[in-house]
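**Q**
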Ligand code: ZN
């Protein structure tokens with residue numbers, strides 16, 4: 006599976022809710038986890054692999070009290086029902102490789118979603134997990150974290166990104 010690179014049209018599109026938890030969705034979640042591990046990421050939204058469905062995979066390998074997950078998480082149709090506090094921290098994205106910037110997010114969120122068996126889940130998350138969930142749900146809404154930078158930082162990003170993209174293309178041509 007290939008991870009789409011910003012500013013791909015599908016990354017700017019809104020994903021549709023999952024309506025049936027069939028084998029295709031389970032295979033997609035499985036493939037997304039593999040792709041995420043291979044890229045050494047902690048979260049991936051279906052938009053990033055070209056599928057416009059509201060599916061997110063996350064695995065943060067650190068203790069739960071430090072905002073980690075206890076193994077892989079698959080979130081179907083996730084919604085943030087409440088957010089509290091704010092925290093600024095460095096953020097990056099597998100679709101924007103080689104670039105990171107500080108961004109303000111809720112420090113705690115309450116999430117409602119389904120698991121792959123169709124069971125409804127509701128849980129609170131803090132720390133890195135809270136940030137990751139907000140980042141991934143943004144993807145489902147066609148928003149990339151760089152779209153949330155203030156105008157000054159976004160202008161700086163555009164300049165830097167043009168250079169990074171040119172280098173990525175060069176590397177692809179060299180292969
Ligand atoms: Zn991302």
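Numbering (the numbering used here), first residue to last: 6 to 180.
Note that CB positions come from ideal geometry on N, CA and C, so glycine has one too.
Given the structure is predicted, the values throughout are model-derived calculations rather than measurements.
(1) Contact between the region 131-146 and the region 72-87 is defined here as three or more beta-carbon pairs at a separation below 8 Å; is this criterion met?
(2) If you measure between the beta carbons of residue 98 and residue 150, is that distance less than 7 Å?
(3) Quick one: what's residue 101 bridged to in DSSP?
(4) At a threshold of 6 Å, does residue 98 count as lining ligand 1 (C-beta to nearest heavy atom)?
(5) Of the choices 100, 73, 74, 66, whose alpha-carbon is the least far from that of residue 50?
(6) Round the Cβ separation of residue 204 and residue 62 to the nearest angstrom and send it over; I've been treating them as touching at under 8 Å.
(7) Could you name the residues of the same chain whose beta carbon sits closer than 7 Å to that of residue 47, not counting the 5 residues immediately before and after it, in chain order?
(8) Residue 33 to residue 123, Cα distance in whole Å?
(9) Quick one: what's got a C-beta closer than 6 Å to residue 93's C-beta in the same chain, skipping five residues either side?
(10) Going by DSSP, what residue range makes up the alpha helix (DSSP H) through residue 150?
(11) Among residues of its own chain, excluding the 5 on either side of residue 56, which ones have a beta-carbon nearer than 7 Å to its beta-carbon?
(12) Look at the Cβ atom of residue 88, then the Cβ atom of residue 111, and state whether they are nearer than 7 Å.
(13) Can you give the Cα-Cα distance for residue 67 and residue 9, rounded to whole angstroms?
**A** Answer, in terms of the structure:
(1) A contact exists between the region 131-146 and the region 72-87.
(2) Going by C-beta atoms, residue 98 is nearer than 7 Å to residue 150.
(3) Partner(s): none; residue 101 has no beta bridge.
(4) Within the chosen limit of 6 Å, ligand 1 reaches the beta carbon of residue 98 through at least one heavy atom.
(5) Of 100, 73, 74, 66, the smallest CA-CA separation from residue 50 is found for 100.
(6) It is not possible to answer for residue 204, since the shown part of the chain is limited to 6 through 180.
(7) Within the same chain, residue 47 has close Cβ partners 63, 64, 65, 137.
(8) Taking the CA atoms as reference points, residue 33 sits about 15 Å from residue 123.
(9) Contacts found: 107, 109.
(10) Here residue 150 belongs to no alpha helix (DSSP H), and DSSP marks it neither H nor E.
(11) So the qualifying residues of the chain are 33.
(12) Yes, these two residues count as a Cβ contact at 7 Å.
(13) Cα to Cα, the separation comes out at about 27 Å.
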